[in-house]
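K.L.:
Chains as they are written, first to last, in the working numbering: chain C, 1 to 453; chain Y, 1001 to 1165.
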Amino acid sequence: MRNMKRRDFIKKASLATGAALTMPYLLPTGRLFAQSGRQMAEHVVLVMFAGGVRQQEAVLQRYLADSQELPIEGNIMYNMLTGAPPDLKIVYGPTSPGGQPGGQPISSILQTPLDQQGTLFPEVRFSKAGTGHFVGLSTGVTGYYGVTQGLRQRPLHPTVFEYVRRFGNAKASDVWFIGNGIGNSTPLLNHSEYPGFGSRYGANFFAPNITFGGRGLDFLKGFKVYHPDEELIPIREMQGFLNNGFNLAGREIPHLFNTEEEKFDIKEFIRTTFERLENNQVAFPPVTDNGDLSTLGYTTEILRWFKPKLTVINMSAVDSCHGSYTSYLKALHRADHGVAHIWNYIQNNIPEMANNTIMMVMPEHGRNLNPNPITDENDWFAFDHDSDANSRRIFTMMVGPNVPSNLKVGSESNPVGDAADTAMTIADILGIKQEVQDAGLMDFGAMSLFDRI
Amino acid sequence: MQIFNRHTFAALALTLAVLMPACKENTYVYGLEDITVQPVDLSGKKAKTPEQYIAILYANLYQKAMSPNQLVRATETITSIGDKQVAYETVISKFMNDPNIILPSIESMRQDPEAFITETYKRFFVRVPTEAEKTYMINYINSHPEVTAEHVYYAFAISNEYYFY
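1) Would you mind telling me which residues of chain Y sit closer than 8 Å to C/I210, beta carbon to beta carbon, in chain order?
2) At a CB distance below 7 Å, what residues from the stretch 1115-1140 of chain Y approach chain C? Give them in sequence order.
3) Under the rule that 16 or more other beta-carbon atoms within 10 Å means buried, what is C/N204, buried or exposed?
4) What is the DSSP secondary structure of Y/S1080, counted as helix, strand or coil?
5) By a C-beta neighbour count over all protein chains shown, 10 Å radius and 16 as the cutoff for buried, is C/G440 buried or exposed?
6) Is it true that the stretch 201-218 of chain C meets the stretch 332-346 of chain C, where meeting means three or more beta-carbon pairs spaced less than 8 Å apart?
7) For a contact meaning CB atoms closer than 8 Å, what does C/H255 contact in chain Y?
8) For the 8 Å Cβ check, are there 3 or more pairs between the stretch 40-48 of chain C and the stretch 357-373 of chain C?
9) Three Cβ pairs or more, each shorter than 8 Å: is that satisfied between the stretch 1050-1058 of chain Y and the stretch 1076-1094 of chain Y?
10) Measuring only the C-alpha atoms, how far is C/T95 from C/T82?
11) If Y/Y1154 and Y/M1096 are in contact, beta carbons under 8 Å, what's the gap, nearest whole angstrom?
12) Which residues in the same chain have their Cβ closer than 8 Å to the Cβ of C/M23, if we skip the five residues on either side of it in sequence?
13) Please check if any C-beta of chain Y sits within less than 8 Å of the C-beta of C/P158.
14) Quick check: the Cα distance between C/T299 and C/L277, rounded to an integer number of angstroms?
15) Applying the 10 Å Cβ sphere with the 16-neighbour rule, what's the burial state of Y/Y1030?
16) Exposed or buried, Y/A1010, counting other C-beta atoms within 10 Å across all chains shown (16 or more means buried)?
17) If you scan the stretch 307-359 of chain C from start to end, which runs of the beta strand (DSSP E) of 3 or more residues do you find wholly inside it?
18) Assuming Y/P1113 is part of the alpha helix (DSSP H), what are its boundary residues?
19) Is the stretch 444-452 of chain C touching the stretch 409-422 of chain C, taking contact as three or more C-beta pairs under 8 Å?
20) Using DSSP's beta-bridge definition, name the partner residues of C/H43.
21) Where in the stretch 356-393 of chain C do unbroken runs of the beta strand (DSSP E), each at least 3 residues long, occur, reported from the N-terminal end onward?
22) Are any of the Cβ atoms in chain Y nearer than 8 Å to that of C/K307?
23) Please compile the residues from chain Y whose C-beta is within a distance smaller than 7 Å of the C-beta of C/D218.
24) Under the three-state reduction of DSSP, which class applies to Y/T1130: helix, strand or coil?
25) Is there a Cβ from chain Y that is less than 8 Å from the Cβ of C/K171?
26) Give me whichever residues DSSP pairs with C/N414 in a beta bridge.
27) What first and last residue would you give for the beta strand (DSSP E) that runs through C/F121?
28) Using a Cβ-Cβ distance under 8 Å, would C/F205 count as near chain Y?
29) Would you list the one or two residues that DSSP bridges to C/W176?
30) What's the call for C/G146, buried or exposed, on a 16-neighbour Cβ count within 10 Å?
31) Give a yes or no on whether 8 Å exceeds the smallest Cβ distance from C/P71 to chain Y.
32) Quick check on Y/E1161 - is its C-beta less than 8 Å from some C-beta in chain C?
33) Does chain Y have any CB closer than 8 Å to the CB of C/P228?
34) With distances taken between CB atoms, is the gap from C/T131 to C/S387 smaller than 8 Å?
35) Which whole-angstrom value describes the C-beta separation of Y/Y1062 and Y/I1117, a residue pair presumed to lie in contact below a C-beta threshold of 8 Å?
36) Just tell me which of C/R236, C/T425, C/W380 has its CA closest to the CA of C/T396.
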């Protein structure tokens, strides 16, 4: 029913609105032929494991040993990393009724940790620019260190979304950026304003905790669905007439060049997601008690519906480490849980993406070696990220088809990889590396991680 | 008689000599300069911020101001969706489903479409329609019996002109 209506609507809408609504972008900047490189997978999911993660509590599995001067080590990311969890001072799990706060760690989702399923670059560098969230995220999605990048400013260079749409001939609804919220200029990361790129090639964006949260309930849920023939056609015809003068002047309500069919589909997705929420059908992770995990739950809906070529998800809960180390450990444990849930869901619930998706996981930057003076309920010190050497240490993980399994590339004494590599690696996976390299707009040192193996 | 004739002839000749140049027909050449014809003056138009858009939209549809708290929440909802055309269209159609919205009845629209169109242009675009605009919209309403005031309002609210001020 949904598809029939959509096709019918598009056919008639196209005839009705004619030139007034014709997408004015048959431009030479777009390619009309297949990408030159071989695709390693048809889908990429990049999880920006963001908020600032210390290597010590992540790949080094030091738990409290390198932060609180307590000799307790262990792995609290056991879906992603191989290693035994800590056996003392467990604070990072949910709290069972009457139990010790955080004393019940979340059960592992994956039988085989992702580092064994794929390739881990345990010592990657965020080599330039300050270790701020927005510049870190923009480096991740552009492959370019925006040293002068400011907040409230779109990325200075094209994003990987724009490369995939322009060089990979992807539709707008083929590329998605899922934000954990709308603060810190997060919604600006879905495209740059670089000449020849920009919104024409931008990614669709949702901050699903808002879109489908209380605010969405107030202003979106139950929106009127106009009949495609009897109502939308005349509405579009009148809109087309009213728009004539403005379209000539190139002035429009900002948009991402979704086709009429894609716009209709996105609205259908919004409507359906509210229905699925009401019926408890949204596949949230088994434990969903923070914003990152609900974001990842909504992401499974986006993956299931659109099956995008490229999906980038932003998390941030670990940034609570500015004021609470305990809260940071909890968020880190949950981020691992969420990543495993996404991977598990793709493999078991989306046949078109199973065994055809490469997932990458990378923090946008690290955190300081030394703490700040703030202590939490456990008298543990908090950590900031001030661009010290430790905050430039991150890791990157890849898993999926054509990714070597159980491989570790680099070490503490031999760092391999750079934060700017991620976007180039995505281009490599999707077969557009040569075109991206020819564009010359990524960091001069950016390489595909496959070329670093 | 001869003298009279001579004087008369002289006067006539003088008169003709004075008036003849005035009667000379001038040749005028008319031309057209190429100009871009647009229905509205776009110079100096600025895009509304999401806050402005929602606040004005709400006032246009509900005939009252939105509360500051609701305005913040509505703006955040818009911000949470990347394609603003999708975002605005969805929020507007949510408003359209609200029984508290103030819309002209179909009967009043069809009884006097000219007044309805003029009023709608003033409400949404803060200007009167041109004759061409008025003619098109009246003809459209008259030739499409299924069109309601809500459809017209929706088309105006999602038009690009409404987004600029």
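Built from N, CA and C at the ideal position, the CB exists for glycine as well.
P.N.:
Let's see:
1) E1076, T1077, T1079, S1080
2) Y1136, Y1140
3) buried
4) coil
5) exposed
6) no
7) D1083, K1084, Q1085, V1086
8) yes
9) yes
10) 25 Å
11) 6 Å
12) At C/M23 the pLDDT is 38, less than 50, meaning the model places this residue with poor confidence; the figure from the coordinates comes in the next sentence. Closer than 8 Å at the Cβ level, and outside the excluded window around C/M23, lie F257, T259.
13) no
14) 13 Å
15) exposed
16) exposed
17) 310-314
18) 1113-1125
19) yes
20) C/T357
21) 357-362
22) no
23) R1073
24) coil
25) no
26) C/S411
27) 119-125
28) yes
29) C/N204, C/T311
30) buried
31) no
32) yes
33) no
34) yes
35) Not a contact, Cβ separation roughly 21 Å.
36) C/T425
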